[in-house]
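Protein chains in written order, with our numbering: chain P, 1 to 240; chain C, 1 to 219. As structure tokens, the structure follows; a few thoughts come after it.
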């Protein structure tokens, strides 16, 4: 599926419940693979040099007139720049409206399972995983912002009522992100907070990092909308 | 639940605080637990960009995504509990004569204006500039990292079932208001939106009034 030379920099299997952070350098790309189907990856994105600049859900959605993410769209920072472009996506819909799980939610859904009894089979939650991983970069509570939930779909009805779509992601689907800045990616593979399944079974994912040419003038993400083109211009001015 | 039209019985003459916030200005105030905050859209179709923080720990702040997930609805109206990142209820909406308020559209900024409307708008006034200036003028230690997805009172941002998102004409009108009771001691940071490039303020930003009633005023 993935040509090995294309993903030569890095390859890792992240077990369900696991957390990972990585500096995704400008013009490299990250592939996230839902190995077994039914995965969810809660992810945040920061500008490495100035992490007060970070993924901004409202700016990303309103500039692209969308309430979800897929191929051809970009992840914008609060500074009007493109952090990452979604250059490939075989899943089709990634949620960014619903936040992530915390300890109280996980315990209420699956019951208590602390380390003392379960060792590393303990129940994990996205909030604690984020706080630990952000802490390693000198970041913390102030940096908990609306995240992306890769491989998860939540739709809104006419009155705004939210519905989680079960069985959305299939085994082997993947999403490819091209970094347009030096991006700190912090992600964790735990269930979506609206996933109603009563069984604690966070799925593992595969992570691959590879080389990637810079976007061309006719890059599909750049020309998808004039708003995206201007965000690319802002990004290029930063590096000018 | 999104069209929870409920009027308030509170008398503006008995408010302990009543202030007009002109278009394009900020407002930062501490609201004590039990106090009631009312925001009045004086002339209609005015977006009021608002952030709330726990006064005890401003790093624990209003969280749009936690709020909409727990109530499983995108829009805010009467009965909505405004949750913090830690899951605490900061305030509850107890009256609303508008019916629907946005919390996924965010606040405008100088930088997002360039993306949405063109580079020529870089120097136009924006909500996030107002947030930064209002916080910087205060003695509250809030910085850019504390600015996250806010509430846009009186703004209408419908999401279609296919995931499309639009900025629709406001459903607010002159004199409509939203009223909240504080469930904890909170800081309220408002930018009365100066945006001139989209219909969120009907291309004409106008003043709002904020009123605060003492704890116990509702009993």
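Virtual Cβ for every residue (Gly too), placed ideally from N, Cα, C.
Item: Neighbouring residues, chain C, relative to residue 222 of chain P (Cβ below 9 angstroms); Value: Going along chain C, no residue has its Cβ under 9 angstroms from residue 222 of chain P, so there is no contact; the nearest lies around 13 angstroms.
Item: Of the residues P:240, P:6, P:17 and P:236, the one placed nearest residue 126 of chain P, counting alpha carbons only; Value: P:17
Item: C-alpha gap between residue 46 of chain P and residue 217 of chain C, whole angstroms; Value: 44 angstroms
Item: Buried or exposed by the 16-neighbour rule on C-beta atoms within 10 Å, applied to residue 135 of chain P; Value: exposed
Item: Chain-order list of residues whose beta-carbon lies under 8 angstroms from that of residue 198 of chain P (same chain, five-residue window excluded); Value: 109 and 110
Item: Where residue 1 of chain C sits in the DSSP three-state scheme; Value: In this prediction, residue 1 of chain C scores a pLDDT of 43, lower than 50, which makes its location untrustworthy; the coordinate-derived value is nonetheless stated afterwards. Looking at residue 1 of chain C - three-state DSSP - the assignment turns out to be coil, as it is neither helix nor strand.
Item: Closer than 7 angstroms at the beta carbon, the chain P residues around residue 72 of chain C; Value: 161 and 162
Item: is_contact[residue 169 of chain C, chain P] using C-beta, thresh 9 angstroms; Value: no
Item: Min CB distance residue 158 of chain C to chain P below 9 angstroms; Value: yes
Item: C-beta contact flag for residue 28 of chain C and residue 91 of chain C at 9 angstroms; Value: no
Item: Min CB distance residue 1 of chain C to chain P below 9 angstroms; Value: Confidence at residue 1 of chain C is low in this model, with a pLDDT of 43, below 50, so the placement of that residue should be treated as unreliable; the coordinate-derived value is given next. With 9 angstroms as the cut-off, residue 1 of chain C counts as an interface residue toward chain P.
Item: Between the CA atoms of residue 7 of chain P and residue 1 of chain P - distance to the nearest angstrom; Value: Legend: pLDDT at residue 1 of chain P = 49, less than 50; position of this residue unreliable, no value from coordinates given.
Item: Stretch pair the region 80–99 of chain C + the region 31–50 of chain P: three plus CB contacts closer than 8 angstroms; Value: no
Item: Best match in P:94, P:177 and P:28 for proximity to residue 213 of chain P [C-alpha to C-alpha]; Value: P:28
Item: Proximal residues of chain P, C-beta to C-beta of residue 66 of chain C below 8 angstroms; Value: 99
Item: Per-residue burial, residue 7 of chain C [other beta carbons within 10 Å of its own, 16 or more giving buried]; Value: exposed
Item: Same chain, Cβ closer than 6 angstroms to residue 202 of chain C, five either side skipped, listed in chain order; Value: 45
Item: Residue environment, residue 161 of chain C, which counts as buried when at least 16 other CB atoms sit within 10 Å; Value: exposed
Item: Length-filtered (3 minimum) beta strand (DSSP E) runs lying within the region 40–128 of chain P; Value: 41–47, 74–76 and 82–89
Item: Whether residue 14 of chain P touches residue 173 of chain P by CB criterion (9 angstroms); Value: no
Item: Sub-9 angstroms separation of residue 102 of chain C and residue 206 of chain C beta-carbons; Value: no
Item: Residues near residue 23 of chain C in its chain [Cβ-Cβ closer than 7 angstroms; skip 5 each side]; Value: 192, 194, 205, 206 and 207
Item: Where the alpha helix (DSSP H) through residue 114 of chain C begins and ends; Value: 110–117
Item: Other residues of its chain near residue 224 of chain P: CB distance less than 6 angstroms, five sequence neighbours each side excluded; Value: 72
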